[in-house]
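Each remark here refers to the structure printed beneath this line.
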Amino acid sequence: MTTDTASLPAPTTARQIAPAGDVFADAATFEHAQRVAKVFASSSLVPPHLRGNVADCLIAYQIARRLNEEPLTVFQNIYVVSGRPGWKTEYVIARANKAGVFKSRITWETTGAGQTLGVTAKAVLSDSGEEVRVTADMAMAKAEGWTKNPKYASMPEHMLRWRSAAMLVRLYCPEVMLGMPVLEEIEPESRRDMRDVTPPRSAAQALDDFAASLDGSADAANEACSASSGETEAAEVDARASGDAEQGEAAA
638 MTTDTASLPA PTTARQIAPA GDVFADAATF EHAQRVAKVF ASSSLVPPHL
688 RGNVADCLIA YQIARRLNEE PLTVFQNIYV VSGRPGWKTE YVIARANKAG
738 VFKSRITWET TGAGQTLGVT AKAVLSDSGE EVRVTADMAM AKAEGWTKNP
788 KYASMPEHML RWRSAAMLVR LYCPEVMLGM PVLEEIEPES RRDMRDVTPP
838 RSAAQALDDF AASLDGSADA ANEACSASSG ETEAAEVDAR ASGDAEQGEA
888 AA
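When you read off a place in the sequence shown, starting at 1, and then add 637, the result is the number in the numbering used here.
This is the structure we're talking about:
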């Protein structure tokens, strides 16, 4: 028995498939990702900080693929502060709640009030049944500089709920956020990193400023003298006119 191989199709070389989420693995995938990024960058549905920015949209698209997430959802919930990407806290909580790491949703307990206010985020781990808890309070908020955000004065319990939940997720399931921080965590760091980069004035600039101030003072003095002279001349004219009038009345 013979096998006729002449009619069989020629073997083909399998196309290299890019790993899931990696838009940089091959030229075809990268080209497609660029086209997708351009579409999002030109869309009014994309937040202003990404609109028109093809490069950032491309990176955000890469992150969405790694998370197996709808790209627009990622674009709506990711921010960049001083070159660091961060998530909206509510998005992190939503991902943690549906990731399966916890048996049920994250819940909170509140204690104290005012400056003693504290909020504990808690959940039960699916694999061990252990209850895990993380607390954030106003003392911590002050020590870490979080209270520079005015919302800690207007809605402190809400802000502490977000903080405690973000810390809980970071400790027990950081993979749901790819290890990236929440927006509230990187904003204080950005403020600490800010510094005055204005170059110091040179001696020549200082002398020029001083000379300008003297010129300004001289001009002001001259204007004052001119005004005073004008007032004196006007008074003399009025006096002469009054004298002439009196002489005319006497002659009459």
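Even for Gly, the Cβ is constructed at its ideal location relative to N, Cα and C.
CB contact flag (residue i, residue j, <9 Å)
i    : j    : result
A760 : Y728 : no
V806 : A701 : no
T747 : V756 : yes
W724 : M817 : yes
Burial state of residue i (16 or more Cβ within 10 Å)
i    : result
A674 : buried
T650 : Interpretation of T650 is limited by its pLDDT of 41, a score under 50 that renders its predicted location unreliable; the figure taken from the coordinates is listed afterwards. The residue in question, T650, is exposed, as its Cβ has fewer than 16 Cβ neighbours within 10 Å.
R742 : exposed
R798 : buried
L899 : Outside the displayed span of the chain (638 to 889) sits residue 899, for which this structure offers no information.
A665 : exposed
Separation of residue j from residue i, as counted between CA atoms
i    : j    : result
H795 : A849 : 54 Å
K735 : P708 : 18 Å
A692 : V813 : 24 Å
K788 : F677 : 31 Å
L762 : I823 : 27 Å
I715 : R703 : 14 Å
L695 : P685 : 15 Å
D659 : E781 : 36 Å
A897 : P793 : Here the chain comprises residues numbered 638 to 889, so residue 897 is not present and cannot be evaluated.
A790 : T784 : 7 Å
W745 : E668 : 45 Å
A670 : D663 : 11 Å
S765 : S680 : 45 Å
N705 : R672 : 19 Å
Beta-carbon separation (whole angstroms), residue i vs residue j, contact threshold 8 Å
i    : j    : result
Q752 : M775 : 5 Å
V683 : F712 : 5 Å
G819 : T710 : Looking at the sequence provided, one finds Val at residue 819 rather than Gly. About 16 Å; that fails the 8 Å criterion.
E585 : R800 : No answer is possible for residue 585: it lies beyond the span of the chain, which begins at 638 and ends at 889.
V771 : A758 : 5 Å
Chain D within 9 Å of residue i, Cβ atoms only
i    : result
A665 : Absent from the structure is chain D; it holds one protein chain and no more.
>> Runs of 4 residues minimum, wholly inside the region 716-756: which ones carry the alpha helix (DSSP H) assignment?
In response: 726-735
> What are the start and end residues of each continuous alpha helix (DSSP H) run of 4 or more residues lying completely inside the region 685-710, in chain order?
Replying inline: 691-704
> Where in the region 771-836 do unbroken runs of the alpha helix (DSSP H), each at least 4 residues long, occur, reported from the N-terminal end onward?
Replying inline: 775-780, 788-791, 793-809 and 820-830
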